[in-house]
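Quick notes on the structure that follows.
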Amino acid sequence: MPFILLALLSAIFMGTIGVLARYAALPAEHITFYRLLLGACCLASYMAVTGKAQQIRHRPSKRTLLNGVMLAGFMTFYVEAIQYINMANAVMLIYLAPPLTAVIAHCFLGEKLAKASGLTIVMALAGFALMLPQSASDGGNVNATRGYLYALLALLSYSGFMLINRKPSQSTPYQSTLVQLSVGALCMLPLVIQHPLQPSLTQACWLVAIGVLPGFIAILFAVKALRHLPAATFGTLAYVEPVAVVVFAWWLFAETLNGMQLFGCSLIILAGMLQGYLGHRQAAQKCPV
């Protein structure tokens, strides 16, 4: 039960990035940079204090380095997307990543899709179709199109992140996370230097919150929960994040969804949960204990 609670808190804290980014009111590259940099600093400090300092110095794999690039892209595109469209629409598009990853693995990695998995993909696509604006008054304008394009890029980055992570790594979860956060921050550094900004005191506080909550605590809780929970259970609980985003958007920014969009949101979440369960069951059948 404690680790289920950690997984739930991790998902909720992950869902705060959009809220905190809007309050910070800074360019996406700056928000991403500080989130990754402060997250890496907090994680390195935690590892040093808890006796894991020897794990900090190691030679990361090429896959881990590439995942850091994907993480930076995912974060930047998501923050850009929510400047133009509702947070709920952006996060639901991003959460099409599990079914998209399954399709890519089926087509290019030889991981055959079962009929049940195919049905979950159709369900997710149907859910997203229901989430789309139904008229120009719902946001079907140039800005909305730009927002959906950014969300699509975030989806592709997240899917690439998941594909790279499919193979087990020799690094510990702490090592992999630290490298990915650090590489992601380094990727954003040239953009931050090219467009320097001096955050106000209020903005600096929001940036610290971004680095500590979704940048460090959410990741720390996820790592601890993953050590004690089955992958299918954790994957299911992770879908609390888009639910949290929808609630935050409604509560803080008065962003509402109509009945059809809420139904589409439910289909995407259900499809993702089923996909995670089916993938875990398929892996268990291949590698019986």
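In case it helps, this note's numbering puts the sequence shown at residues 41 to 329.
All residues carry an ideal CB built from backbone N, CA and C; glycine is no exception.
The model shown is predicted, which means the values in this text are computed figures rather than measured ones.
Beta-carbon proximity of residue i to residue j, cut-off 7 Å
i: I257; j: Y279; result: no
i: T104; j: S240; result: no
i: M228; j: A112; result: yes
i: L77; j: A225; result: yes
i: F261; j: S85; result: no
i: G158; j: L307; result: no
i: N126; j: F201; result: no
i: L195; j: I122; result: no
i: M115; j: T72; result: yes
i: F117; j: Y190; result: yes
i: L231; j: E69; result: yes
i: L170; j: M300; result: yes
i: L32; j: Y74; result: With the chain represented from 41 up to 329, any question about residue 32 goes unanswered, as that position is not in the structure.
CA-to-CA distance, residue j to residue i, given in whole angstroms
i: T212; j: I259; result: 14 Å
i: T90; j: M110; result: 28 Å
i: D178; j: E120; result: Legend: pLDDT at D178 = 48, less than 50; position of this residue unreliable, no value from coordinates given.
i: R97; j: M87; result: 11 Å
i: V263; j: Y214; result: 8 Å
i: I57; j: Y124; result: 16 Å
i: N129; j: P254; result: 20 Å
i: V286; j: V59; result: 11 Å
i: I52; j: C82; result: 19 Å
i: R62; j: N205; result: 30 Å
i: K38; j: N298; result: For residue 38 there is no data in the structure shown, the boundaries of the chain being 41 and 329.
i: G150; j: L165; result: 22 Å
i: F43; j: L136; result: 26 Å
i: R186; j: L172; result: 14 Å
i: F293; j: K152; result: 42 Å
i: S199; j: K207; result: 14 Å
i: L302; j: T242; result: 34 Å
i: A265; j: A184; result: 37 Å
i: H384; j: V223; result: Outside the shown range of the chain (41 to 329) lies residue 384, about which nothing can therefore be said.
i: L269; j: Q315; result: 17 Å
Boundaries (first-last residue) of the alpha helix (DSSP H) holding residue i
i: S209; result: Counting along the chain, S209 falls outside any alpha helix (DSSP H), and DSSP gives it neither H nor E.
i: E281; result: V280 to F293
i: M54; result: P42 to M54
i: Q243; result: L241 to V252
i: S197; result: V182 to I204
i: P138; result: A137 to F148
i: G255; result: Note, G255: premise wrong, no alpha helix (DSSP H); not H, not E.
i: K155; result: K155 to M171
i: L133; result: M127 to I134
i: N298; result: Looking at the DSSP string, N298 is not in any alpha helix (DSSP H), and its letter there is neither H nor E.
i: I28; result: Nothing can be reported for residue 28, as the shown portion of the chain is limited to 41 through 329.
i: K102; result: K102 to A121
i: L76; result: A68 to V89
Residue burial classification, residue i (beta-carbon count within 10 angstroms, cutoff 16)
i: P138; result: buried
i: T296; result: exposed
i: V162; result: exposed
i: M41; result: exposed
i: V219; result: buried
i: V182; result: exposed
i: Q210; result: exposed
i: I233; result: exposed
i: F148; result: exposed
i: C245; result: exposed
i: A311; result: buried
i: G251; result: buried
i: P100; result: buried
i: R267; result: exposed
i: A156; result: exposed
i: G304; result: buried
i: L66; result: buried
i: S197; result: buried
Supposed contact pair residue j and residue i - C-beta distance, whole angstroms, cut 8 Å
i: A47; j: L277; result: 4 Å
i: V131; j: P282; result: 5 Å
i: A284; j: G55; result: 4 Å
i: L193; j: T141; result: 16 Å between Cβ atoms; not a contact.
i: L318; j: A145; result: Going by Cβ atoms, the distance from L318 to A145 rounds to 13 Å, so no, they are not a contact pair.
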